[in-house]
Amino acid sequence: MQSRRDFIQKLTGSVIALQISPAVIAASCNSAVTHYDGPVLRVAIMGLGSYGTRVAEAMKDCKKAKLVGVISGTPSKIKDWQAKYNIPEKNCYNYETFDQVKNNPDIDAVYVITPNALHHHQVIRVAKAGKHVICEKPMSINAKDGQEMVDACKKANVKLLVGYRMHFEPKTLEIIRMRKAGELGKVLFFQGLCGFNIGDPTQWRLNKQLSGGGSMMDIGIYAINGARYMVGEEPIWVTAQETKTNHEKFKEGVDETIQFQFGFPGGAVASCLSTYAMNNLDRFFLDAEKGYAELYPSTGYGPIQGRTSKGELTQPHVTHQTVQMDEMAGIIFEGKQPPVPVDGEEGVKDLKIIDAIFEAAKTGKKINLKL
Ligand code: NDP
16 MQSRRDFIQK LTGSVIALQI SPAVIAASCN SAVTHYDGPV LRVAIMGLGS YGTRVAEAMK
76 DCKKAKLVGV ISGTPSKIKD WQAKYNIPEK NCYNYETFDQ VKNNPDIDAV YVITPNALHH
136 HQVIRVAKAG KHVICEKPMS INAKDGQEMV DACKKANVKL LVGYRMHFEP KTLEIIRMRK
196 AGELGKVLFF QGLCGFNIGD PTQWRLNKQL SGGGSMMDIG IYAINGARYM VGEEPIWVTA
256 QETKTNHEKF KEGVDETIQF QFGFPGGAVA SCLSTYAMNN LDRFFLDAEK GYAELYPSTG
316 YGPIQGRTSK GELTQPHVTH QTVQMDEMAG IIFEGKQPPV PVDGEEGVKD LKIIDAIFEA
376 AKTGKKINLK L
């Protein structure tokens with residue numbers, strides 16, 4: 016299967032699969048479940064780009080979620096998607112009209128898959144329209160905006176979930192299970208390496224107005240989020256160092272490469288790399304007193320591969336977005352609690368860390384974190 020990074024590199028525009036607990040597998044496209052009687056989450060996708068397309072394709076295999084609507088600024092894409100996914104005219108909106116989703120009883124949730132800096136206002140508008148929101152990572156471009164999104168969704172009494180697909184990935188979940196069960200012993204160290212060589216210099220990912228940054232917002236966030244779920248604690252301090260080799264391509268405020276380090280309350284430390292200028296970087300390594308765990312690749316679309324001191328991880332590959340959407344339907348309708356949260360608060364924690372990394376890289380200071 017093609018990796019996210021391969022895809023982005025080939026497109027020179029932008030564009031990254033897993034294994035799970037028995038419960039998650041049962042809800043996936045690989046499921047042995049042949050019959051599902053419960054409520055189906057009816058979703059409209061906002062932003063019909065590369066990742067929106069991947070989600071739409073994966074949703075074809077969902078049992079608990081269904082693509083029923085679109086929100087797009089490109090009329091020709093709306094027409095294509097209507098034909099491809101059998102979407103009725105009444106469930107089609109553009110960026111001016113989508114507040115009207117409020118009056119549409121056939122849509123339960125909107126999945127926001129647009130450039131990062133647009134998420135804030137779009138999510139708040141969806142919340143005001145009374146619909147649940149799923150928002151792609153990064154949830155927004157700073158913690159303040161992220162908190163406003165959480166508050167708006169609380170006020171509107173709708174759920175806000177972030178597209179953290181790795182939180183449902185079986186091999187990832189097996190390592191988390193082993194760590195929680197004490198099979199690895201006390202965690203001492205985590206290393207997260209996340210990056211790829213980005214192509215087209217004109218794409219929105221390299222435009223601070225739309226991206227909110229560079230590699231950190233896009234790919235470094237996987238190392239941040241991964242450090243938290245692999246170690247199982249929230250970091251209490253961060254240090255960071257930025258390097259830039261191409262000032263023309265990576266303008267002011269658009270990071271090319273940042274190395275960052277975390278300290279955790281239990282004494283573990285982490286060392287991570289986020290970059291838009293190196294390939295072959297998609298690796299998590301966890302060292303603990305009784306053993307180790309490695310995922311390589313760790314966050315691509317899959318198959319994820321991994322091993323621990325006890326041997327190879329053998330959980331099956333699943334389509335991340337299929338499992339994610341079925342599990343999110345369970346969270347929204349049944350109040351299910353995923354092993355690693357995917358709510359707005361989780362998104363804000365990563366944004367607080369990103370804010371601190373940028374500050375640490377700029378000032379050279381160690382920044383204390385309170386998540
Ligand atoms: P794309 O550029 O491929 O698509 C973004 C879409 O957003 C566009 O096609 C367009 O759709 C819409 N859009 C609205 N306003 C703008 C604008 N001003 N400039 C550009 N596009 C606009 O991006 P991706 O799909 O790769 O990324 C979208 C989001 O998904 C990002 O937040 C990214 O971080 C996240 N993502 C998450 C991944 C994951 O694995 N969880 C993987 C890849 C991306 P339309 O024409 O329909 O309006």
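Under the numbering used here, read the sequence shown as residues 16 to 386, first letter to last.
Idealized CB from N, CA, C, for every residue including glycine.
Source: prediction; values computed, not measured.
Asked, Found
"Span of the beta strand (DSSP E), counted from its first residue to its last, around C168", "Counting along the chain, C168 falls outside any beta strand (DSSP E), though it belongs to the alpha helix (DSSP H) covering A158 to K170."
"Touch test, the segment 84 to 101 against the segment 145 to 153, Cβ-Cβ under 8 Å, three pairs minimum", "no"
"Contact under 8 Å by Cβ, A158 with D297", "no"
"According to DSSP, residues forming a beta bridge with G210", "T290 and L296"
"Beta bridge counterpart(s) of L384 as assigned by DSSP", "Note: L384 sits in no beta bridge, so no partner."
"Buried versus exposed call for P331 [16 or more other C-beta atoms within 10 Å across all chains shown]", "exposed"
"Beta-carbon proximity list for P280, same chain, < 7 Å, skipping 5 on both sides", "E248 and I251"
"Spatial distance of W96 from V202 (CA atoms)", "47 Å"
"Reduced DSSP category for Y237 - H, G, I as helix; E, B as strand; rest coil", "helix"
"The ligand NDP heavy atom lying under 7 Å from the CB of Y66", "yes"
"Beta-carbon gap between D123 and L56 smaller than 8 Å", "yes"
"Secondary structure of I139, DSSP reduced to three states", "helix"
"G62: CB within 7 Å of a non-hydrogen atom of the ligand NDP", "yes"
"Nearest-angstrom Cβ-Cβ length linking E271 and S230, presumed shorter than 8 Å", "7 Å"
"Exposure label - N295; buried when at least 16 CB within 10 Å", "exposed"
"Delimiting residues of the beta strand (DSSP E) encompassing W252", "W252 to T258"
"Spatial distance of K195 from K117 (CA atoms)", "42 Å"
"Backbone secondary structure at M340 - three-state DSSP", "helix"
"Delimiting residues of the beta strand (DSSP E) encompassing M154", "Element bounds for M154: n/a, residue is neither H nor E."
"Nearest residue (CA-CA) to I236, options G53, G278, Q339 and T290", "T290"
"Contact check, L221 vs K264, beta carbons under 8 Å", "yes"
"Contact belief for K398 with G359 at Cβ below 8 Å, rounded distance in angstroms", "In the structure as shown, the chain starts at 16 and stops at 386, and residue 398 therefore has no counterpart that could be examined."
"Cβ pair count under 8 Å reaching 3, the segment 210 to 220 against the segment 157 to 173", "no"
"C-beta atoms of V363 and H182 nearer than 8 Å", "no"
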